[in-house]
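K.L.:
Have a look at the structure that comes next, please.
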Amino acid sequence: MTGKLTLGPIVYHWEAEEKRDFYARIADEAPVDTVYVGEVICSKRTPFFDAHMPEVIERLERGGKQVVLASLSEVVIRRERNMMADFCAIDSHEIELNNTAGLFDIDGRAHRIGPLMNVYNERTLGWLAGKGASHVTLPVEVPRAVVGEMARAADALGVGCEVQVFGRASLAVSARCYHARAHKRTKDNCQFVCEKDPDGMPLSTVNGQSFLTVNGIQTLSHSYVDLSGEIDEMVNMGIGHFRIMPQQADMVAVAGIYADRIAGRRDGEETAARLAALKLAAPLSNGFWHGREGHRRFGPRAA
Amino acid sequence: MTEISHDTPAPRPGLSRLLPPPPLFLLQPVLNRVVHRVARLHPSLFDRLGPHRTARFVIDARGLPFVMLLVPDPDNLVFRALPRNREPQGDARIAGGFFDLLGLVDGESDGDALFFSRDLDITGNTEAVVCLRNALDDVEGSIAEDAAGLFGAPGRAILAALRRTGDRRGGTS
Amino acid sequence: MKRPELVCPAGTPAALRTAVDAGADAVYCGFQNATNARNFPGLNFTPAEMEQGVAYAHARGAKVLLAVNSFPTAGRFDLWREAVDAGARFGVDALIVADIGVAAYAAEAHPDLRLHLSVQAAASSPEAIRYYVREFGVRRVVLPRILTVSEIKDVKKEIPCEIETFIFGNHGLMVEGRCSLTNYVTGLSTNMDGVCSPAAQVHYDKEADGSVATRLGDFTIDRFGAGEQAGYPTICKGRYHAAGREDAYYAFEEPISLNLATLLPQLMAAGVEAFKIEGRQRSRAYVRQVVGAFRGAVDQVLAGEDPELADLVALTEGQKQTQGAAGSKKWR
């Protein structure tokens, strides 16, 4: 089998030290081909890590990884608009856009389209490809049949096509910061409380059922998406890139498990057992792939 | 899973004070005629109901001594009054004040608003209820008026009297 | 002061006529399928009803805006193409679109038909808006409900198209067009199926103490006490537990409706061309009262009078209203 393993951006607010150490370990030990770096969720967080970016990028590249820079997903206020314009002027690296404002700024130059953009059909993809999009990561909620159609369309357009196979699903973004709200603060006065929850802030129902995860303005699933069982099928469809999202887990081990799976060294059953052995902080789900409730998990032949 | 509740609310002072409870055997033919007339006048209602035409709606107008069963299937219309102690199993149950329910059928009140204020209780198949509400809301004019028209001037007079009472009560009975 | 267009919801043909009769300058509506973001049971228009609705509105000087504002998935584009073509055939005054593919198709196939950018496209910056204007000739943007009045004023200066803002109704918290919460719980997608909290999966479980638990799919999203006001059974209006909070709390937003009635003069001064009332899922009674109230208020502002504001609180979710983001940055 062929296919590249990619590591998505860290969506949570990790301390700068922790991020640096994390990427150093990824650079040295994780069998990933591509690493997306950059703050996607909150423009207020960026100053904490900006100074470390050159060093991290250099370290990852020295480890043989391709580095792609990921943009903000929300662009509203002046600071964010300026950040997006500056971001689109980058020519040292490939960039991934996560907001339409970037499509305006990029104005035809090469770019990737991130999973928080709404690319659901071949016409949208075709239009974007005609304006410089070279690669797309599909929205996390698209089912199997749509992934197949999109892989075919992407192939015909000469566009790379990527699917998230591990980590929490991003379910929504908002202008309001729910981390600040939980602490009875506002976004402007958040005092970066999100830093206390490096794997997000769990929300459970009134019955005590684990449900969602809050990460600043973003709401994620409680469960971790796991499509390791579906990778054969995706490879056959022509999906060439498989994204794992950083969680508070042994991500080097996670990368190893998915790399083995993509390379065909381990089958689905062995992979499931290896993931189970990691004692991850949340249950696994693949409902979206089956066109069903995203939180559910189906076996290889179920649904 | 079904959430049909079978609690029988305590009798409330309300409509029962206004009207003597009719024997159900007298009421039944009236309900039959009402529902067939409404169906004849507003056939488009059934298109909107789609698959929910065969749903069984239990309607509890609080204050009435009976509950009603509605199956809005044009091929087999059912609109029947049953004693509260023999409430039938339904797919959905709609409970509310008589005047609120009248307002809904009349297009005079807003179902969501009644729900927000807890004046309307819904259990069971929520989609069927939402669909019925939307279908009824597309019927212009007054369904209650159509029904009352069956009984000529006296029917319309009773309806007008009921509405005045409802207005005075601010909707909820 | 320019006369703003009052854009009103029509979930059914009867609601369309009610809105037009109550003074709507334009109504917006959709077909009975996944091509629009209010794909609810018993709601929306057949092609024949749409054609009749357009005739009714046009005969009375009102416009019809067709919402084709969900996101077609690969392999299903034909349904959206048919909706766009039908709208053009029936002579609707504009299409409200969100998907880039749909916008591109409409601009190419019907270059003379006005395009409005749906709130579902979440264009929240001048750059995002100008992208759609540049690429597809969009003539109006429906702004997300996340901007303050002064931000709206600033946006207006930087964009070459009209602005439509929501002034009343359901107060969505998540960025529209970027929310998969419903799909996570129900298997139906807001973007792909036009569905938010599908009624078929909403259950109200009555407890012995008179409280009611609201369940969506496998999750209890709220429980309200016997006398408490209720809201829409949507995930973003539910109550949940979080560490550090003693009780379950509205983690995203409480049941509350947007009402910008008192901000109408400022919004008009900011150059907003159209005011939108949310509520295609609401009844004719709602349409009649809300449209009537805002028709009166807008006309009074135009006449230089202080608007008399009808009390619409009974129609609001949770019987509470807010100016949301428009009032203050603190909302965020």
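Chains as they are written, first to last, in the numbering used here: chain A, 1 to 303; chain P, 1001 to 1173; chain U, 2001 to 2332.
Idealized CB from N, CA, C, for every residue including glycine.
Note that this is a predicted model, so its numbers are computed, not measured.
Indicate whether at least one CB of chain U lies closer than 9 Å to the CB of A:R243.
P.N.:
no
K.L.:
Looking at the C-beta of P:G1179, does it have a partner C-beta in chain U at a distance below 9 Å?
P.N.:
Within the shown structure, residues of chain P are numbered from 1001 to 1173, placing residue 1179 of chain P beyond reach of any answer.
K.L.:
Going by other Cβ atoms of all chains shown within 10 Å of its Cβ, with 16 needed for buried, is A:T205 buried or exposed?
P.N.:
Answer is buried; the Cβ neighbour count reaches 16.
K.L.:
Looking at the C-beta of U:I2221, does it have a partner C-beta in chain A at a distance below 9 Å?
P.N.:
Yes, its Cβ sits closer than 9 Å to a Cβ of chain A.
K.L.:
I think A:L125 touches A:M150, with their Cβ atoms under 8 Å apart; what is that distance to the nearest whole Å?
P.N.:
7 Å
K.L.:
With H, G and I counted as helix, E and B as strand and the rest as coil, what does DSSP make of U:R2223?
P.N.:
strand
K.L.:
Measure how close the beta-carbons of P:D1146 and P:V1038 come, nearest whole angstrom, since I'm counting them as under 8 Å.
P.N.:
6 Å
K.L.:
By Cβ distance below 6 Å, which residues in the same chain neighbour U:L2066 in space, the five residues on each side in sequence not counted?
P.N.:
G2087, V2092 and L2095
K.L.:
By the 10 Å Cβ neighbour count, where 16 or more other Cβ atoms means buried, how is A:G208 classified, buried or exposed?
P.N.:
Classification of A:G208: exposed, given that the 10 Å Cβ count is below 16.
K.L.:
Can you pull out the residues from the segment 217 to 228 of chain A whose beta carbon lies closer than 8 Å to at least one beta carbon of chain U?
P.N.:
T219 and S221
K.L.:
Please classify A:N286 as buried or exposed, where buried requires at least 16 other C-beta atoms within 10 Å of its C-beta.
P.N.:
With 16 or more neighbouring CB atoms inside 10 Å of its own CB, A:N286 falls in the buried class.
K.L.:
Less than 8 Å between the CB atoms is what I'm expecting for A:Q247 and A:D199, so what's the real figure, rounded?
P.N.:
6 Å
K.L.:
I'd like to confirm something about A:G102: is its beta-carbon nearer than 8 Å to some heavy atom of the ligand HEM, or not?
P.N.:
For the ligand HEM, the structure offers nothing, since it holds no ligand at all.
K.L.:
Using 8 Å as the threshold, is the segment 2212 to 2230 of chain U in touch with the segment 2051 to 2065 of chain U, meaning 3 or more CB pairs across them?
P.N.:
As far as the Cβ criterion goes, the segment 2212 to 2230 of chain U does not touch the segment 2051 to 2065 of chain U, which means the pair count is below three.
K.L.:
Can you give me the C-alpha to C-alpha distance between U:R2280 and A:S43, rounded to a whole angstrom?
P.N.:
The C-alpha of U:R2280 lies about 35 Å from the C-alpha of A:S43.
K.L.:
State yes or no: is the beta carbon of U:F2166 nearer than 9 Å to at least one beta carbon in chain P?
P.N.:
Cβ-Cβ to chain P under 9 Å: no for U:F2166.
K.L.:
In chain A, which residues lie less than 9 Å from U:Y2105 when you measure between Cβ atoms?
P.N.:
R123
K.L.:
Buried or exposed: which applies to P:D1112, given that a residue is buried once 16 or more other Cβ atoms fall within 10 Å of its Cβ?
P.N.:
buried
K.L.:
In chain P, which residues lie less than 8 Å from U:V2027 when you measure between Cβ atoms?
P.N.:
Ordered by position in chain P, no residue passes the 8 Å Cβ test against U:V2027, which lies about 14 Å from the chain.
K.L.:
Give me the Cβ distance between U:V2185 and A:H295, rounded to the nearest whole Å; I'm assuming they're in contact under 8 Å.
P.N.:
7 Å
K.L.:
Between the alpha carbons of U:D2209 and U:G2227, how many angstroms are there, rounded?
P.N.:
11 Å
K.L.:
Determine the direct distance from the alpha carbon of A:M234 to that of A:L157, and round the result to whole angstroms.
P.N.:
One C-alpha to the other measures close to 18 Å.
K.L.:
Over the uninterrupted alpha helix (DSSP H) stretch that includes P:F1116, give me the two end residues.
P.N.:
G1111 to F1116
K.L.:
Specify whether the segment 2199 to 2216 of chain U and the segment 1123 to 1132 of chain P touch according to this definition: at least 3 beta carbon pairs, one from each stretch, less than 8 Å apart.
P.N.:
yes
K.L.:
Is it a yes or a no for the segment 99 to 113 of chain A touching the segment 51 to 65 of chain A, going by three-plus beta-carbon pairs under 8 Å?
P.N.:
no
K.L.:
Just the chain P side, please: which residues come within less than 8 Å of U:E2317 by C-beta, in chain order?
P.N.:
D1112 and F1116
K.L.:
Considering just the uninterrupted stretch of the beta strand (DSSP E) at U:E2049, what are its terminal residues?
P.N.:
Careful: U:E2049 lies outside any beta strand (DSSP E), inside the alpha helix (DSSP H) at P2047 to A2059.
K.L.:
Which stretch, first to last residue, makes up the beta strand (DSSP E) that contains A:D226?
P.N.:
Q218 to D226
K.L.:
So with CB distances below 7 Å, who are the chain U contacts of A:K187?
P.N.:
R2332
K.L.:
Let me check one thing: in DSSP terms, what residues is U:M2174 bridge-paired to?
P.N.:
A:S174
K.L.:
For A:F166, which residues from the same chain have a beta carbon less than 7 Å from its beta carbon, with the 5 sequence-adjacent residues on both sides left out?
P.N.:
Y224, V225, D226, I244, M245, V254 and Y258
K.L.:
Which word fits U:K2276, buried or exposed, when buried means at least 16 other C-beta atoms lie within 10 angstroms of its C-beta?
P.N.:
buried
K.L.:
Using C-beta distances below 8 Å, list every residue in its chain close to U:E2273, excluding the 5 sequence neighbours before and after it, in chain order.
P.N.:
K2002, P2004, E2005, R2140, E2162, I2163 and E2164
K.L.:
Under 9 Å between beta-carbons, which chain U residues line up against A:F49? List them in chain order, please.
P.N.:
Near A:F49 there are no residues of chain U at all, since even the closest Cβ is about 22 Å away, more than 9 Å.
K.L.:
Under a three-way DSSP split, which group does A:G37 fall into?
P.N.:
Note on identity: in this sequence residue 37 of chain A is Val, with Gly being the wrong assignment. It is a strand residue.
K.L.:
Measuring only the C-alpha atoms, how far is P:V1078 from P:L1064?
P.N.:
19 Å
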